[in-house]
Amino acid sequence: MNAKTFLLSTVATVLVGVAIAEPIPDQYKQNGFAIGVQAYSFNRYTVFEAIEKTAETGGKVIEFYPGQKLTKEDSTPWNHNASDEVIAKVQAKLKEHGIKAVNYGVVGGRDAAEWRKIFEFGKKLGLYGITTEDATKLDIIEPLVKEFDVRLGIHDHPRRKNNPNYKVWDPLYILEVTKDRDARIGACADTGHWQSSGLNPVWCLRVLKGRVISSHMKDKTDFGNREWTGKDEHDVPYGTGVGEIGRCLDELKKQGFEGNISIEYEHNWTASVPDITKCVQFVREHKGAAK
Numbered sequence: 095m096n097a098k099t100f101l102l103s104t105v106a107t108v109l110v111g112v113a114i115a116e117p118i119p120d121q122y123k124q125n126g127f128a129i130g131v132q133a134y135s136f137n138r139y140t141v142f143e144a145i146e147k148t149a150e151t152g153g154k155v156i157e158f159y160p161g162q163k164l165t166k167e168d169s170t171p172w173n174h175n176a177s178d179e180v181i182a183k184v185q186a187k188l189k190e191h192g193i194k195a196v197n198y199g200v201v202g203g204r205d206a207a208e209w210r211k212i213f214e215f216g217k218k219l220g221l222y223g224i225t226t227e228d229a230t231k232l233d234i235i236e237p238l239v240k241e242f243d244v245r246l247g248i249h250d251h252p253r254r255k256n257n258p259n260y261k262v263w264d265p266l267y268i269l270e271v272t273k274d275r276d277a278r279i280g281a282c283a284d285t286g287h288w289q290s291s292g293l294n295p296v297w298c299l300r301v302l303k304g305r306v307i308s309s310h311m312k313d314k315t316d317f318g319n320r321e322w323t324g325k326d327e328h329d330v331p332y333g334t335g336v337g338e339i340g341r342c343l344d345e346l347k348k349q350g351f352e353g354n355i356s357i358e359y360e361h362n363w364t365a366s367v368p369d370i371t372k373c374v375q376f377v378r379e380h381k382g383a384a385k
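Residue numbers for the sequence shown follow our numbering, so the first one is 95 and each next one is one higher.
Below, the structure written as structure tokens:
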């Protein structure tokens with residue numbers, strides 16, 4: 095290899111290093127997936143209790159959300175304004191239970207200064223990604239993604255009848271606003287909210303191929319929701335609803351997905367650990383090629 099070839103090779107390696115953030119370590123994956131819990135599933139409890147309950151379910155990763163009370167004794171809200179002392183306490187609790195923090199959201203910043211604080215928080219925690227619904231501030235966020243090497247996933251809630259300006263429910267919209275951005279910017283695929291919007295989650299994942307950063311994966315009793323169909327659908331353990339979780343996992347694996355799957359279980363709020371445990375087991379035991 096001559097000097098010119100070596101230099102070009104070195105530059106290419108450096109550029110690739112800039113463009114591709116570190117993956118979630120394999121020790122926190124099960125059956126190839128970083129499966130764990132969105133702490134919002136345990137929003138009746140504290141951050142420390144959410145970590146304990148995540149470990150109880152068999153999950154190995156956790157996604158935090160802003161505002162949860164820290165402990166039973168300390169009502170400090172857990173968010174991106176946390177002091178280094180509070181962050182150290184949470185990191186120690188995570189280590190105690192063998193859990194890795196991988197994501198934070200759904201969160202938004204009022205301005206560039208707050209967005210910087212969010213990414214600084216993410217970097218201190220060693221997060222894989224940040225989750226938001228604000229697709230209008232990507233010009234502010236994209237430089238931070240590059241600087242901190244932390245990914246950004248745009249999350250979806252259900253389609254809103256009375257708010258046509260709410261567009262992130264639609265994977266085609268998320269694809270449109272992210273397709274020309276840094277590869278670390280994409281979707282936080284909430285498959286349950288897609289079901290509530292009447293969308294097939296497998297189709298949605300295919301639309302977003304290459305842009306799925308993370309997922310709030312849900313299985314639900316039915317498509318639609320009270321607003322659209324009058325049905326009181328709700329979360330159920332993976333594989334027992336209409337969400338085609340097996341096919342979703344197959345599609346993510348086909349795409350080379352490396353992000354976190356957060357179980358966000360919004361049912362049986364104070365007794366959900368057994369159901370969430372079944373979700374973790376489903377992912378752990380999934381054989382692929384689901385029909």
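Idealized CB from N, CA, C, for every residue including glycine.
So V141 and L164 are in contact, right, with Cβ under 8 Å, and what is the actual spacing, rounded? In the sequence shown, counting from the first residue as 1, residue 141 sits at position 47. In the sequence shown, counting from the first residue as 1, residue 164 sits at position 70. Confirmed, about 5 Å.
W172 - DSSP class collapsed to helix/strand/coil: Looking up residue 172 in the sequence shown gives position 78. Reduced to three states, the DSSP call for W172 is strand.
Cβ-based neighbour list, L109, same chain, cut-off 8 Å, excluding 5 preceding and 5 following: Your numbering for residue 109 matches position 15 in the sequence shown. Because the pLDDT at L109 is just 34, under 50, the model does not fix this residue reliably, and the value given afterwards should be weighed accordingly. Cβ neighbours of L109 beyond the five flanking positions: none.
Quick check: what's the CA-CA separation for I118 versus S309? Locating residue 118 in the sequence shown gives position 24, where the first residue counts as 1. Locating residue 309 in the sequence shown gives position 215, where the first residue counts as 1. Cα-Cα distance, rounded: 14 Å.
Between the C-alpha atoms of G382 and Q121, what's the straight-line distance to the nearest angstrom? Stepping through the sequence shown from its first residue, residue 382 is reached at position 288. Stepping through the sequence shown from its first residue, residue 121 is reached at position 27. When rounded, the distance between both Cα atoms is 21 Å.
Can you look up D264 in the DSSP assignment and give me helix, strand or coil? Position 170 of the sequence shown holds residue 264. Residue state, collapsed to three classes: coil.
Rounded C-alpha distance that separates E236 from G280: As a position in the sequence shown, residue 236 is number 142, starting the count at 1. As a position in the sequence shown, residue 280 is number 186, starting the count at 1. Approximately 11 Å between the Cα atoms of the pair.
Could you give the residue range of the alpha helix (DSSP H) that holds Y290? On the sequence shown, residue 290 is found 196 positions in, with the first residue counted as 1. Note that residue 290 corresponds to Ser in the displayed sequence, not to Tyr. Its alpha helix (DSSP H) spans residues 285-290.
C-alpha distance - G223 paired with G286, whole-angstrom precision: Residue 223 sits at position 129 when you count from the first residue of the sequence shown. Residue 286 sits at position 192 when you count from the first residue of the sequence shown. Between G223 and G286, the C-alpha separation is close to 20 Å.
For L164, name the three-state secondary structure that DSSP assigns. The count along the sequence shown starts at 1 and reaches residue 164 at position 70. Coil at L164, not helix or strand.
Quick test of the definition: if touching needs 3 or more C-beta pairs under 8 Å, does the segment 149-168 touch the segment 187-199? In short, these stretches touch, since the Cβ pair count reaches three.
Among the residues of its own chain, which have a CB less than 8 Å from the CB of E379, if the five just before and after it don't count? Position 285 of the sequence shown, counted from the start, is the residue given in the question as residue 379. Only N125 meet the Cβ criterion.
Could you name the residues that DSSP lists as bridge partners for K314? Counting from 1 along the sequence shown, the entry for residue 314 is found at position 220. Bridge partners of K314: D329.
Length of the line joining the Cα atoms of W209 and A182: Residue mapping note: residue 209 aligns to position 115 of the sequence shown, counting from 1. Residue mapping note: residue 182 aligns to position 88 of the sequence shown, counting from 1. Computed Cα separation, rounded: 21 Å.
Reduced DSSP secondary structure (H/G/I, E/B, other) of G111: Taking the sequence shown and counting its residues from 1, the one referred to as residue 111 is at position 17. Because G111 sits at a pLDDT of 34, beneath the cut-off of 50, its placement in the model cannot be relied upon, and the point is left open.
Test item: CB-CB of T272 and H249 under 8 Å: Here residue 272 is taken as the residue at index 178 of the sequence shown, counted from 1. Here residue 249 is taken as the residue at index 155 of the sequence shown, counted from 1. One thing to note: T272 has its Cβ no nearer than 8 Å to the Cβ of H249.
Euclidean distance between Cα positions of K218 and D168: For the purposes of this step, residue 218 is taken as the residue at position 124 of the sequence shown. For the purposes of this step, residue 168 is taken as the residue at position 74 of the sequence shown. Going from the Cα of K218 to the Cα of D168 covers about 21 Å.
I need the DSSP call for K385, collapsed to helix, strand or coil. Here residue 385 is taken as the residue at index 291 of the sequence shown, counted from 1. Reliability of the predicted coordinates at K385 is poor, the pLDDT of 44 falling under 50, and no value is obtained from them.
What residue does the alpha helix (DSSP H) around V131 start on, and which one ends it? For the purposes of this step, residue 131 is taken as residue 37 along the sequence shown, with counting starting at 1. Note, V131: premise wrong, no alpha helix (DSSP H); beta strand (DSSP E) at 128-132.
Please report how far the alpha carbon of K255 lies from the alpha carbon of A186, in whole angstroms. What you label residue 255 is simply residue 161 of the sequence shown in a count that begins at 1. What you label residue 186 is simply residue 92 of the sequence shown in a count that begins at 1. Between the C-alpha atoms of K255 and A186 there is a straight-line separation of about 44 Å.
Taking the beta strand (DSSP E) that F351 falls in, what are its first and last residues? To locate residue 351, count along the sequence shown from 1; it is residue 257. Counting along the chain, F351 falls outside any beta strand (DSSP E), and DSSP gives it neither H nor E.
If you compare alpha carbons, which of K261, K325, I357 is closest to G377? Along the sequence shown, one-based indexing puts residue 377 at 283. Here residue 377 is Val; the residue named in the question, Gly, does not match the sequence. With distances taken between CA atoms, V377 lies nearest to I357 out of K261, K325, I357.
Own chain residues within Cβ distance below 6 Å of P160, not counting five before or after: To locate residue 160, count along the sequence shown from 1; it is residue 66. Sequence-distant Cβ neighbours of P160 in its own chain, meaning closer than 6 Å and more than five residues away, are N173, V201.
Quick check on the burial criterion: 16 or more other C-beta atoms within 10 angstroms. Buried or exposed for G335? In the sequence shown, counting from the first residue as 1, residue 335 sits at position 241. Answer is buried; the Cβ neighbour count reaches 16.
D228: which of G220, D243, L221, G199 sits nearest, CA to CA? What you label residue 228 is simply residue 134 of the sequence shown in a count that begins at 1. With distances taken between Cα atoms, D228 lies closest to G199.
Assess contact between the segment 263-278 and the segment 359-377, defined as three or more Cβ pairs (one per stretch) separated by less than 8 Å. Is contact present? With the cut-off at 8 Å, the segment 263-278 and the segment 359-377 do not touch.
Taking the straight line between their C-alpha atoms, what separation do you get for G304 and N259? Translated into positions along the sequence shown, residue 304 becomes position 210. Translated into positions along the sequence shown, residue 259 becomes position 165. Distance between the alpha carbons of G304 and N259 is about 26 Å.
According to the neighbour-count rule (16 or more other Cβ atoms, all chains shown, within 10 Å of its Cβ), is E241 buried or exposed? For the purposes of this step, residue 241 is taken as the residue at position 147 of the sequence shown. An exposed status is given to E241, since fewer than 16 other beta-carbon atoms sit within 10 Å of its beta-carbon.
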